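When you line the sequence shown up against numbering that gives the first Met the number 0, it's residues 0 to 461, in that order.
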Amino acid sequence: MSELLLARWQFGVTSLYHFIFVPLTLGLSVLVAIMETMYVRTGNETYKKMTQFFGKLFLINFAMGVVTGIVQEFHFGMNWSEYSRFVGDIFGAPLAIEALLAFFLESTFLGIWVFGWDKLPKKVHALSIWMVAIGSNLSALWILIANSFMQEPVGYVLRNGRAEMTDFFALITNPHVFYQFPHTVLGGFCTGAFFVLGISAYHLLRKNQVDLFRRSFNIALVFGFISVLLVTTVGHTQGQYLVKTQPMKMAAAEAHWETADPAPFNVLAVVDEANQKNSFEISVPGVLSFMSYNSFSGEVKGLRDLQIEAEAQYGPGNYIPPVTSIFWSFRIMVAAGGWMVLITMLTLYLWKTGKLEGTPLVLKALLWSIPVPYLANFTGWYMAEVGRQPWMVYGLQKVENAVSPAVSAGEILTTLIGFTVIYGLLAVADFYLLVKFIKQGPDEPVTVGAQKPSPKEVSLWT
């Protein structure tokens, strides 16, 4: 295999491993902070045990995220040195800020939170976990600012064969960030919510510490329901934005070959990329135009015309990304999002009517739904990154021109195998520890006088 293909595989494998832990960190940090806030507000020891239990799971996930994330930045200098040479002046700035500001913020206050139990005042200790949550999500912001430049370059000038920053404010206010950041963070919130919902459902099914897990379930349900509705709304607006800024990506996501007005939506399709057509498709007239413009009329350009335009602008070459995989990744993401909307709406209805714990099928469905937001996150990011192909930096540098010229295929293959084995072992260890502590539950049973939340607690969530 070529150096380019191996370098792409290595970055893809390590990124996938790392991204197993990122969304849960974003969402669970906020949920743990909410739980401790409930403890401070009510003085109920149940919330303290709840915070410590889910906080332990958060720490395991956070540690794995740090270990797998450190490697990511080394890729740019080792396998992608031409990319670093071309945009290092721009790309390095938000990554440096992420490490020096956001990561140090979350790491410092995480240490205070871990070792500050029963030593710091309750409000100060609760503030520390909120700072962890803020730091975690600020880390995502700066990383997405860097990624958004790759998707939509702004605030730069080409000089001496390099892209150099001319406007830092334009970089951090890149319009792409305002769609990508909330969509990513809300995806993390959904991940955290379904994680807590599934674990709480597991213990409710087994009648383990029912009062504690009933409360954690309620918190996650409200948090998750809001997050799911918001992430689908933001995702829709992001798709409409990409129709304007990256029409090739969106046309590939719909296997839309021919320009049409109104444009049909392909529910299912058998894609023939070699002949640039669909061998079979089930389509609904006008729906793609509606998805793109909120109107059943409106021209949506097809892949063939977009290819012609790209060749006229950038020169000869194939500018159509892998249509089949993008088409199906988009549908898997949408299906996962649809499932999360339906299951949270049903659960919310059963919770409000007092029928939830008498419906074990729904609780089991929530337990088995823990992987669903992960699936949505993975397929969504696959579409975002693979849909940008063949560009490393959209319109400026192709992937084939970004790879390091001095690294051999054998060297990349050796490290790829090494990373895969090591990360695989880490993933097994993470899964083992999480399952072990989830089944074990909180360290000590909490005795409370009432099974239902107090009016003060209910007022916080209704």
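Backbone N, C-alpha and C fix where the C-beta goes; we use that ideal spot for every residue, glycine too.
None of these values were measured; they are calculated from a predicted model.
_Proximity of LEU395 and PRO152 at Cβ, strictly below 9 Å_ = yes
*Between which two residues does the alpha helix (DSSP H) carrying ASP166 extend?*
Where ASP166 is concerned, there is no enclosing alpha helix (DSSP H), given that its DSSP letter is neither H nor E.
*In the region 125-181, which residue ranges form an unbroken alpha helix (DSSP H) of at least 4 residues, counting only runs that do not cross its ends?*
167-171
*Could you give the distance in angstroms between the alpha-carbon of PHE177 and the alpha-carbon of PHE85?*
Going from the Cα of PHE177 to the Cα of PHE85 covers about 25 Å.
*Buried or exposed (CB count within 10 angstroms, at least 16 for buried), GLU253*: The residue in question, GLU253, is buried, as its Cβ has 16 or more Cβ neighbours within 10 Å.
*asked:* Using only the alpha-carbon positions, how far apart do ALA132 and GLU35 sit?
replied: 12 Å
_Reduced DSSP category for LEU267 - H, G, I as helix; E, B as strand; rest coil_ = strand
*ILE325: buried (16+ other C-beta within 10 angstroms of its C-beta) or exposed?*
buried
*Please name the residue, chosen from GLU356, TRP129, VAL227, VAL286, that lies closest to PHE183 on a Cα-to-Cα basis.*
Sequence check: residue 183 is Thr here, not Phe. Out of GLU356, TRP129, VAL227, VAL286, VAL227 has the C-alpha closest to the C-alpha of THR183.
*Give the secondary structure of GLU384 by DSSP, where H, G and I count as helix, E and B as strand, and everything else as coil.*
Helix, per DSSP.
*Inter-stretch contact at 8 Å, needing at least 3 Cβ pairs: the region 325-345 / the region 370-381*: yes
*asked:* In the DSSP assignment, the alpha helix (DSSP H) including LYS48 goes from what residue to what residue?
replied: 44-77
*Give the DSSP-derived three-state secondary structure of TRP460 in the structure shown.*
The predicted position of TRP460 is uncertain, since its pLDDT is 44 and thus under 50; a value taken from the coordinates is nonetheless stated next. Helix, per DSSP.
*Whose CA, out of ALA32, THR67, ASN43, lies closest to the CA of THR419?*
THR67
*Return the Cβ separation of LEU104 and MET130 in integer angstroms, given the expectation that the two are a contact with Cβ distance under 8 Å.*
6 Å
*Give the DSSP-derived three-state secondary structure of VAL406 in the structure shown.*
coil
*asked:* Is the beta carbon of LEU109 closer than 9 Å to that of ILE437?
replied: no
*asked:* Could you compute how far the alpha carbon of TYR393 sits from the alpha carbon of MET149?
replied: 6 Å
*Report the rounded CA-to-CA distance for GLU44 versus TYR38, giving the unit in angstroms.*
7 Å
*Is the shortest distance between the beta-carbon of LEU204 and the beta-carbons of chain B less than 9 Å?*
Looking for chain B here will not work: only one protein chain is present.
*asked:* On the DSSP letters alone, give me the boundaries of the alpha helix (DSSP H) that PHE329 sits inside.
replied: 322-351
*Proximity to ARG330 [Cα-Cα], best of TRP350, ASN265, ASN277, SER368*: ASN265
_Sub-9 Å separation of ILE59 and LEU432 beta-carbons_ = yes
*Roughly how many angstroms separate the alpha carbons of ALA92 and ALA98, rounded to a whole number?*
10 Å
*If we ignore side chains and look at the alpha-carbon of each, how far apart do GLY186 and ALA250 end up?*
23 Å
*asked:* Just to confirm, is the Cβ distance from ALA487 to LEU365 under 9 Å?
replied: Because residue 487 is not part of the residues shown, which for the chain are 0 to 461, the question remains open.
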